[in-house]
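Each remark here refers to the structure printed beneath this line.
Protein chains in written order, with the working numbering: chain P, 3 to 398; chain C, 788 to 1515.
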C-alpha cells in the first residue's frame, strides 16, 4: 500500500492547524482596534493627525498576513540549507547597524532603506533559532559533546546576543539568549553544560545590567516598589492604572483615558494596558488565552512534527511567541522589571510583526505536515478516518 | 523501504519525534506557570484592586473647575452704579509645556505688553528648587481683556488664560467706608460688601474637564456644565449726589478745622432711609494692597461717643412729653457756676460756657445751658429721663443693615450714682453711636415717630425681578406731635439765637442742636480733645433731611460744635436746597433704568468730577464749560429723558463774573467752534443766530455784558484756518 500522505517531498499536505491560525488572525484584527485607540492621541500630539499611526500599523498588519502566508507556502525544509547564510548576513547587518544605524532613544537598533526601517535584531533572532534547529537536527546525539556539539552553538548564541546587547538593546538580547538556551535545553544538551553557561553568563548579564543608569534604575524600582506601586516608574504606574481602571468589563472600545498622553508607549510595549482598560479583565484573559492556545497547539504540532528539524523549529517559534507574550504581560503588570518588548501581533511596530508572522506561518506550515488534521480526500477509499490514525501514530 | 509502517509521517523518522519529551514538558510547564502568574496578577489588578485604581484614574483624568458667578452690583437710589466689576485677564504659563516655544512666546508678549523679552524668558525658564521646571508661572496679571485676547488668539503652547473679575468702585473714595471691600476671592470683608455678601456673591457653577497626560483640559461630555448663578444687585437708599456733597463739605470742614476726622450722616426722617453716610479719613477701595487692617471702620455705627449737649434733646423731650416743664419756665442760671451738694462737704460744680443769670427753659436749651438741664432733671426724675432716652433708641442697636454696629451704653436707673441724673441731662455718663443720635433726632423731625434706619432699598435678581423691596418700618412714637412741635421751635431757636447761629441760612429754615463733648478714643477721654457736632433737620416746616455733622478734635477756630460743625452743616443744607428739583420731594426711590432712554440727572452743585462720572454711569456724554469746582448750570434740565450717549452740557461756577439777579452774563464763546458755542449758549437759554461757519470770531453782545434771559446772541464766524480760507 503506497501511502499517499508520505510527504517527504513536501508536496502532499494535510490541513493546517486552524486554532493557531484563528488565534493569530484574531490577535491581528483586534490589534487594529486597540492600536488605533491607543495611538490616536499620541499621533495627534506628534503628527497632528490621529490616524497617522494606525494607517501605518494597518499596512504592517497586511504585510504581516502576507508574511504569514509566505511562511505557510514555502518549503521550509529547504531553509535548512540557507539558515547559516541568513544568520551570517544578519550578523553582518547587526555590525552595520552598530556603525550606521539610526539612533532612537539613545540606541542604534534601526536600519533604514528608503522609507522603511527595520531592526536587524529581529531578523537575527529568527535566523539564529532556525540555524540552531538546523544544527541540532544535524548533530543529533552529538549535542551532548561539549566541544563539538555544545560550544559551536553557544558561540552563535553568545555572539548574536552580544551584538544586540551592545546596541544597546537589553530586552531583545536577553530574549535571544533565553530562546537560545531553551533550544539547547529541549535538544537535550547536558544540564551540566547549561548550568555552567548560566553560571558564567549570569554575572556578565548583571554587570551589563548595572552598566547603564536607566537599566539599573528600572531594576531598582522593580525590587523596591515591587507590586505595591510605591517605587514604580511613571510608565509602569500609568500602565497599572490602565488595567485597574478597566476593572472586570472595561471602559469600552475607544474609551481609554490612559491613552490620552498619560501612558507613554500606550500603543507599543504597553498596549496590553490599554486592552485591559478598554476590555477589562475579560479582555485581557481572552488575549492571554489566545496565546495559551498558540502555545498548546504549538507544542502539539512540535510533538507531531514530521522530522527533528521541523519539531525544533516548531518548539522555537512557539516558545518565542509565548515567551514574548508572557514577558510583555509580566512587564506591563509589574511582575517583571520594565523592559521594552512588544506584545506579539498586538503592539505597534513593524519588524517584530513581520518576522513573527513569517515564523508563525512556518509553524502552520509544519502543522500541515503532521497528521493532526488529515485531508479527508487524500484518504484511500475505505480507510479509517482521523481517530484510528492518531492511535496508530501513537504506537510508533 | 520494504514495509514502512503505515502512517509513519516521515521517510526520515526522528527516533525521538513522537515520544513524550521530558524537557519539552518542563518548558511547557514553565510557560503554564507563567500564564497562571499573569492571570493571577490580572485578577489582582483588575478585580481586587480595581476600585483603588479607578479612583486614581478618575482623579487624574478629570478636573473640575469652578465657574465663578458675577458678583452683584450696588446702585444708589437713582440707579447710579456705585460698585460693579471689571473683567481682567491674567496670563500664566506652564514652562514644561512651553518648551521650545519660549522664545516665540517671549517675543510675542514683549510686543504686546512692552516689557523686555528677557523678563518673560526668565519666567518661562523658571525652575523649582529641585531644578525641575515649574508647572505654573504668572506672566501678566490683570491686563485688559483686549490685550488678553490678542495673546489668546495666538494659541501659544502652554499659555493659560484666566479671566479674573475685579471689584470696581466707580467713585473711588466716595462712600468707601459704607460700601466696604472684597478680598481677592471676591468675598466681602468690610461694609455693605460684608453685610450683603451672601446676596451679592451668587453661586458658583462648575465644569468638569477631561485632562490629558500633559495637563491640558477639554470639556467632558460625561458631566453637565453647572452654570453659575450671578449675585443679586443691591439698590441702596443712598443718594449719590448727597453723598458727594456730604463728603466734599466734610473734607473741607476737616481741613479748615485741622480736625482728625469726621462723620456726616443724612437720613430721611419720614422713612428712615439713609441718604448719605460719610467717614473721614477714608481710603480708596480701588487701590491695590489694601488689607482689612487698614480699611477705616464705618465709625458712624461702630464707635461710640459721649453725646454731650446733643443729648439735651432727650432731657427737653421728656420735660415736655410728661408736661413737667413749660418752655417759658424761668431758671436761675447761677451765673454759670452751679454747685450741687452731694451730702457732707462734698459738692459738684456744673458750669456753663457763658454766664447767665436767668434763662427760660427753652433759652436754656438754645444756649445749651448745663445748669438749666441739670435743674430740669431734678424735676423730671430718673425713671422718666431713662425711659425717654430708651424710647428714643439709646442703648439699643438701631438694627441698620450694616456690619459692626454697637449699642452704646445707657445705664439703668438702679445703676446710677448720685451724679448720674444731672450728668445725663447734659449728655454725660452715656455713650451712643452717631447713628443712634441722628435717628433720635429724626424721630422728632418725623413728628414724634421713630423710624428704623435703613440703607437697603431693593434687592434685584440679575433677571431684573425684585427679590426684596424695603418698606419703611415704624418703631414707636417717642413723643407726641405737640411735643415734637415744641422741640422744633426750640431747635430753631438754637439756630436763630443760640449756639447754632453759624448754621443759619437764607435758603432754608433749619432746626438743630450743637454738641461739644470730651473725646473718647478707645473708651478713654483724650486730654484737650473734643468731639464737635451739630445735628439738625430741614426744612423745619416739613422736615425731609436730618443730618449729623461731627468733627474729631477741631483745633483752629475753637472746638465748639456750633462754630466748627455748624458751618459744614449749613453748606451741606444750602447745596442740597439750592437744587429745588432735587429737593421737591417728588423723587422716586429708583430712577427708571435701561428701558427708555436715560433721564438727565441733576448735577447742579456737584463737583465736575462727580458730575461727569454720574453721566458716564448713565451712559451719557458731557461737555464742560468754564473752570471751577461746582456745576452751576446744566443742559438739558434734570429729569429730561434723552437718548443714550447724548451730550449733557455743564457750566462750572468760575466762568465769568457773577450776574446780578434776573440777568445773565454773556459767556465768551469767541474761538470756539460754532457747534461748541451754540451748545454753551443754549445752556443759558440764549437765542443764537449764526453768520458764516467755522470758528466764532465776534459775538454781539460782547462777552461779560449782562443781558436779560432769552436774549438773542449773534455770532460771526470764519472758516477754521486762514490757509483754507485762502483756497476759496
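Cβ coordinates follow ideal geometry from the N, Cα and C atoms, glycine included.
TODO: Kindly list the residues whose CB is nearer than 7 Å to the CB of residue 939(C), restricted to its own chain and excluding five residues on each side of it in sequence; keep chain order.
DONE: Residue mapping note: residue 939(C) aligns to position 152 of the second chain, counting from 1. Closer than 7 Å at Cβ, skipping near neighbours: 948.
TODO: Using a Cβ cut-off of 8 Å (strictly closer), state whether residue 262(P) contacts chain C.
DONE: Taking the first residue of the first chain as 1, we reach residue 262(P) at position 260. At least one chain C Cβ lies under 8 Å of residue 262(P).
Task: With 16 other Cβ atoms within 10 Å as the buried cut-off, status of residue 925(C) - done: Taking the first residue of the second chain as 1, we reach residue 925(C) at position 138. With fewer than 16 Cβ atoms within 10 Å of its Cβ, residue 925(C) is classed as exposed.
- [ ] Measure from the C-beta of residue 828(C) to each C-beta in chain P and report whether the shortest distance is under 8 Å.
- [x] Translated into the one-based positions of the second chain, residue 828(C) becomes position 41. Chain P, which has a Cβ nearer than 8 Å to the Cβ of residue 828(C), makes this yes.
Open item on the list: Under 8 Å: do the stretch 1272–1285 of chain C and the stretch 1296–1311 of chain C share three or more Cβ pairs, one atom per stretch?
Closed with: yes
Task: Backbone CA spacing between residue 60(P) and residue 142(P) [nearest angstrom] - done: Counting from one through the first chain, the residue named residue 60(P) turns up at place 58. Counting from one through the first chain, the residue named residue 142(P) turns up at place 140. Computed Cα separation, rounded: 43 Å.
TODO: Return the residue from the list 820(C), 1054(C), 1233(C) that minimises the CA-CA distance to residue 1329(C).
DONE: In the second chain, residue 1329(C) corresponds to position 542, counting from 1. Comparing alpha-carbon positions, the option among 820(C), 1054(C), 1233(C) lying closest to residue 1329(C) turns out to be 1233(C).
Open item on the list: Under 8 Å, with one C-beta from each stretch per pair, do the stretch 812–822 of chain C and the stretch 214–221 of chain P reach the 3-pair mark?
Closed with: Contact between the stretch 812–822 of chain C and the stretch 214–221 of chain P is absent, because fewer than three Cβ pairs lie under 8 Å.
- [ ] Spell out the partners DSSP gives residue 930(C) in its beta bridges.
- [x] Position 143 of the second chain, counted from the start, is the residue given in the question as residue 930(C). Under DSSP, residue 930(C) shares a beta bridge with 876(C).
Task: Cross-strand partners of residue 169(P) (DSSP beta bridge) - done: For the purposes of this step, residue 169(P) is taken as the residue at position 167 of the first chain. DSSP output for residue 169(P) lists no bridge partner at all.
Open item on the list: Tell me which residues of the stretch 351–374 of chain P have at least one Cβ-Cβ distance to chain C shorter than 8 Å, keeping chain order.
Closed with: 371, 372, 373
Task: Neighbouring residues, chain P, relative to residue 836(C) (Cβ below 8 Å) - done: Here residue 836(C) is taken as the residue at index 49 of the second chain, counted from 1. Here the neighbours are 246.
Task: Boundaries (first-last residue) of the beta strand (DSSP E) holding residue 1055(C) - done: Here residue 1055(C) is taken as the residue at index 268 of the second chain, counted from 1. Following the DSSP letters along the chain, one finds residue 1055(C) inside the beta strand (DSSP E) bounded by residues 1048–1055.
Open item on the list: What does the Cβ neighbour count give for residue 260(P), buried or exposed, with the cut at 16 atoms within 10 Å?
Closed with: As a first step, residue 260(P) must be located in the first chain, where it is residue number 258. By the neighbour-count criterion, in which 16 or more other beta carbons inside 10 Å mark a residue as buried, residue 260(P) falls on the buried side.
TODO: Determine the burial state of residue 1039(C): buried for a count of at least 16 other Cβ atoms within 10 Å of its Cβ, exposed for fewer.
DONE: The residue you call residue 1039(C) lines up with position 252 of the second chain. Residue 1039(C) is exposed by the Cβ-count criterion.
Open item on the list: Our contact map puts residue 1203(C) next to residue 1161(C) with C-beta atoms below 8 Å; I'd like the distance itself, whole angstroms only.
Closed with: If you number the second chain from 1, residue 1203(C) lands on position 416. If you number the second chain from 1, residue 1161(C) lands on position 374. At roughly 14 Å, the Cβ-Cβ gap does not stay under 8 Å, so residue 1203(C) and residue 1161(C) are not in contact.
- [ ] Take the Cβ of residue 1055(C) as the centre, count every other Cβ of all protein chains shown within 10 Å, and call the residue buried at 16 or more, exposed below.
- [x] Within the second chain, residue 1055(C) is the residue found at index 268, counting from 1. Label assigned to residue 1055(C): buried.
Open item on the list: Any contact between the stretch 1333–1348 of chain C and the stretch 1299–1314 of chain C? By contact I mean 3 or more CB pairs, one from each, below 8 Å.
Closed with: Counting Cβ pairs under 8 Å, three or more are found: they touch.
Task: Closer than 8 Å to chain C by CB, residue 21(P) - done: In the first chain, counting from the first residue as 1, residue 21(P) sits at position 19. No - not a single Cβ of chain C is within 8 Å of the one on residue 21(P).
Open item on the list: Looking at chain P, is there any beta carbon in it that lies within less than 8 Å of the beta carbon of residue 904(C)?
Closed with: Position 117 of the second chain, counted from the first residue, corresponds to residue 904(C). For residue 904(C), the answer is no, since every Cβ of chain P falls outside 8 Å of its Cβ.
Open item on the list: If the criterion is Cβ atoms closer than 8 Å, does the pair residue 1062(C) and residue 1024(C) meet it?
Closed with: In the second chain, the residue the question calls residue 1062(C) occupies position 275. In the second chain, the residue the question calls residue 1024(C) occupies position 237. A contact, by the Cβ cut-off of 8 Å.
Open item on the list: Considering only heavy atoms of the ligand SAM, does any lie closer than 7 Å to the CB of residue 1071(C)?
Closed with: Questions concerning the ligand SAM fall outside what the structure shown contains, since it holds no ligand whatsoever.
TODO: Kindly indicate which residue of 1287(C), 1395(C), 1412(C) has the alpha-carbon position closest to the one of residue 1351(C).
DONE: Position 564 of the second chain, counting from 1, holds the residue named residue 1351(C). Measuring from the Cα of residue 1351(C), the nearest candidate turns out to be 1287(C).
Open item on the list: Helix, strand or coil, according to DSSP, for residue 1261(C) in the structure here?
Closed with: Here residue 1261(C) refers to the residue found at position 474 when the second chain is read from its first residue. In the structure shown, residue 1261(C) sits in a strand (DSSP, three-state: E or B).
- [ ] Please state whether DSSP places residue 1463(C) in a helix, a strand or coil.
- [x] Start at 1 with the first residue of the second chain, and residue 1463(C) comes out as number 676. Residue state, collapsed to three classes: helix.
Task: Integer Cβ distance of residue 245(P) from residue 279(P), believed to fall under 8 Å - done: Residue 245(P) sits at position 243 when you count from the first residue of the first chain. Residue 279(P) sits at position 277 when you count from the first residue of the first chain. With 8 Å as the limit, residue 245(P) and residue 279(P) qualify as a contact, their Cβ atoms being about 7 Å apart.
Open item on the list: Threshold first: 4 residues or longer. Then list the alpha helix (DSSP H) segments lying entirely within the stretch 848–916 of chain C, N to C.
Closed with: 882–885, 889–900, 904–911
Open item on the list: Distance cutoff 8 Å, beta carbons only. Does residue 62(P) sit that close to anything in chain C?
Closed with: The residue you call residue 62(P) lines up with position 60 of the first chain. It does not: the Cβ of residue 62(P) has no partner Cβ on chain C nearer than 8 Å.
Task: Counted within 10 angstroms of its Cβ, other Cβ atoms place residue 272(P) as buried (16 or more) or exposed - done: Taking the first chain and counting its residues from 1, one reaches residue 272(P) at position 270. It is buried - the Cβ of residue 272(P) has at least 16 other Cβ atoms within 10 Å.
Open item on the list: Can you tell me whether residue 1020(C) is helix, strand or coil according to DSSP?
Closed with: Here residue 1020(C) refers to the residue found at position 233 of the second chain. Here DSSP, grouped into helix, strand and coil, assigns residue 1020(C) to strand.
Open item on the list: Would you say residue 175(P) lies against chain C (beta-carbon separation less than 8 Å)?
Closed with: Mapped onto the first chain, residue 175(P) falls at position 173. Judged by the 8 Å Cβ criterion, residue 175(P) is not in contact with chain C.
Task: Delimiting residues of the beta strand (DSSP E) encompassing residue 1118(C) - done: Taking the first residue of the second chain as 1, we reach residue 1118(C) at position 331. Run containing residue 1118(C): 1117–1119, per the beta strand (DSSP E) assignment.
Task: Selection from 340(P), 341(P), 339(P), 356(P) that minimises the alpha carbon distance to residue 347(P) - done: Within the first chain, numbered from 1, the residue matching residue 347(P) stands at position 345. The option with the nearest alpha carbon to residue 347(P) is 356(P).
Task: Where residue 1476(C) falls, given that 16 or more other Cβ within 10 Å makes a residue buried - done: Mapped onto the second chain, residue 1476(C) falls at position 689. Flag for residue 1476(C) reads exposed.
TODO: Grab the span of the beta strand (DSSP E) containing residue 1134(C) for me, first residue to last.
DONE: Against the second chain, residue 1134(C) aligns to sequence position 347. From DSSP, the beta strand (DSSP E) with residue 1134(C) extends over 1133–1138.
Task: Closer than 8 Å to chain P by CB, residue 734(C) - done: The question about residue 734(C) has no answer here: the residues shown for chain C are numbered 788 through 1515.
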